[in-house]
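Per full-length UniProt numbering, the sequence shown runs over residues 1 to 225.
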Amino acid sequence: MNKKSAIASVLVVGLAVVAYLGWQGPLGFGDLAKPDAIKQMVADFGVFGPLAVIALMVLAVVMTPIPSAPIAMAAGAVFGQFAGAIYIVIGAEIGAIIAFFLARVLGRDVVRRWFGSGLDRGLLGSQNALMFAVFASRLMPFISFDLMSYAAGLSALKFWRFAIATVAGIIPASLFLTHFGGVLADGGGMSVLWASLALGGVTGFPLLYLAWRSRRQARVDDHAD
Numbered sequence: 001m002n003k004k005s006a007i008a009s010v011l012v013v014g015l016a017v018v019a020y021l022g023w024q025g026p027l028g029f030g031d032l033a034k035p036d037a038i039k040q041m042v043a044d045f046g047v048f049g050p051l052a053v054i055a056l057m058v059l060a061v062v063m064t065p066i067p068s069a070p071i072a073m074a075a076g077a078v079f080g081q082f083a084g085a086i087y088i089v090i091g092a093e094i095g096a097i098i099a100f101f102l103a104r105v106l107g108r109d110v111v112r113r114w115f116g117s118g119l120d121r122g123l124l125g126s127q128n129a130l131m132f133a134v135f136a137s138r139l140m141p142f143i144s145f146d147l148m149s150y151a152a153g154l155s156a157l158k159f160w161r162f163a164i165a166t167v168a169g170i171i172p173a174s175l176f177l178t179h180f181g182g183v184l185a186d187g188g189g190m191s192v193l194w195a196s197l198a199l200g201g202v203t204g205f206p207l208l209y210l211a212w213r214s215r216r217q218a219r220v221d222d223h224a225d
């Protein structure tokens with residue numbers, strides 16, 4: 001076994017152990033799907049609460065089974081929309097960078113075992129196209145944040161482009177989720193509705209652009225044939 005394979009094996013086993021302990025054992029990752037439980041956990045950390053939120057977001061991005069939305073909602077409930085969003089963005093960016101470089105260290109074969117053949121989608125294109133794909137994916141809640149981070153690490157996308165696209169894309173979603181969490185904590189309702197409509201609009205524009213570009217490319221290919 002070469003050095004790279006040994007490192008990959010240790011990382012995979014380590015992540016598997018942490019995931020098992022988290023969901024089945026004393027670490028209690030199952031509570032990370034419950035905003036109220038996270039809110040209490042963060043509050044218990046006192047002045048270290050922001051660091052706890054950042055650490056939880058890093059874990060949520062690097063370790064796929066952990067949901068990130070409840071963490072963002074809890075951050076909004078505890079710290080408010082803007083402070084909570086800052087902590088969420090920092091944690092998500094750090095986690096995405098770790099996933100990006102983990103993919104480059106482990107290699108395609110190891111990472112594909114985690115995510116399957118879906119990992120290979122969207123890995124081709126120019127630097128600008130790949131950068132936009134990462135940015136757009138951050139705006140779309142139904143696209144796996146973790147999967148895109150690992151996939152980008154296996155692509156030809158330059159790191160600085162990945163980092164910029166990620167932070168630019170996660171800011172709107174972070175602001176929405178922290179606002180949502182804060183409003184729910186205060187018992188509000190209409191603000192959540194308007195915020196949801198706004199996020200839907202922001203999310204819809206990249207989808208429309210991608211659909212338009214796909215149709216345009218299909219027409220070009222048809223004419224070429």
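Ideal Cβ placement from N, Cα and C applies to all residues, glycine included.
Assigned exposure category for residue i - 16 Cβ within 10 Å defines buried
i, result
"Gln-81", "buried"
"Ala-136", "buried"
"Lys-158", "exposed"
"Gly-181", "buried"
"Gly-153", "buried"
"Ala-165", "buried"
"Phe-79", "buried"
"Gly-25", "Bear in mind that the predicted position of Gly-25 carries a pLDDT of just 45, short of 50, making it unreliable; the figure below should be weighed with that in mind. Flag for Gly-25 reads exposed."
"Ile-143", "exposed"
"Phe-101", "exposed"
"Ala-151", "buried"
"Val-58", "buried"
"Arg-169", "The identity of residue 169 in the sequence shown is Gly, whereas the question assumes Arg. Buried, because 16 or more other Cβ atoms sit within 10 Å of the Cβ of Gly-169."
"Leu-60", "According to the sequence provided, residue 60 is Ala. The question's Leu does not apply to it. Buried, by the Cβ-count rule."
"Val-47", "exposed"
"Ala-99", "buried"
Reduced DSSP category for residue i - H, G, I as helix; E, B as strand; rest coil
i, result
"Ala-151", "helix"
"Gly-84", "helix"
"Leu-157", "coil"
"Pro-50", "helix"
"Met-140", "coil"
"Met-41", "helix"
"Pro-70", "helix"
"Ser-174", "helix"
"Met-63", "coil"
"Gly-107", "coil"
"Gly-95", "helix"
"residue 226", "Missing from the structure shown is residue 226; the chain here goes from 1 to 225 and no further."
For residue i, the nearest candidate out of the options (CA to CA)
i, options, result
"Arg-97", "Gly-181, Phe-176, Phe-145 and Val-110", "Before going on, a small fix: residue 97 reads as Ile here, not Arg. Residue Phe-145 is the option with its Cα nearest to Ile-97."
"Ala-77", "Phe-162, Ala-37, Ala-133 and Asp-109", "Ala-37"
"Ala-92", "Ser-155, Gln-40, Met-131 and Ala-173", "Ala-173"
"Gly-49", "Pro-67, Ala-75, Ala-60 and Val-61", "Ala-75"
"Gly-84", "Ser-126, Ile-164, Lys-39 and Met-148", "Lys-39"
"Ala-163", "Ile-143, Leu-184 and Ala-133", "Ala-133"
"residue 231", "Val-183, Leu-147, Val-167 and Thr-166", "With the chain running from 1 to 225 in the structure shown, residue 231 is simply not present."
"Leu-94", "Gly-125, Val-62, Arg-108 and Gly-107", "Looking at the sequence itself, residue 94 is Ile, so the reference to Leu does not match. Residue Val-62 is the option with its Cα nearest to Ile-94."
"Gln-127", "Met-41, Ala-156 and Ala-60", "Ala-156"
"residue 226", "Val-105, Ala-99, Arg-161 and Met-41", "Look at the range of the chain in this structure, 1 to 225, and you will see that residue 226 is not part of it."
"Leu-139", "Val-42, Ala-43, Ile-171 and Leu-106", "Ile-171"
"Arg-104", "Met-131, Gly-125 and Ser-149", "Ser-149"
"Val-167", "Ala-60, Val-183 and Met-131", "Met-131"
Contact between the region 86-100 and the region 50-70 is defined here as three or more beta-carbon pairs at a separation below 8 Å; is this criterion met? The region 86-100 makes contact with the region 50-70; the number of CB pairs closer than 8 Å reaches 3 or more.
Does the region 63-79 come within contact of the region 172-179, defined as at least 3 CB pairs closer than 8 Å? Yes, since at least three Cβ pairs between the region 63-79 and the region 172-179 fall closer than 8 Å, the two stretches touch.
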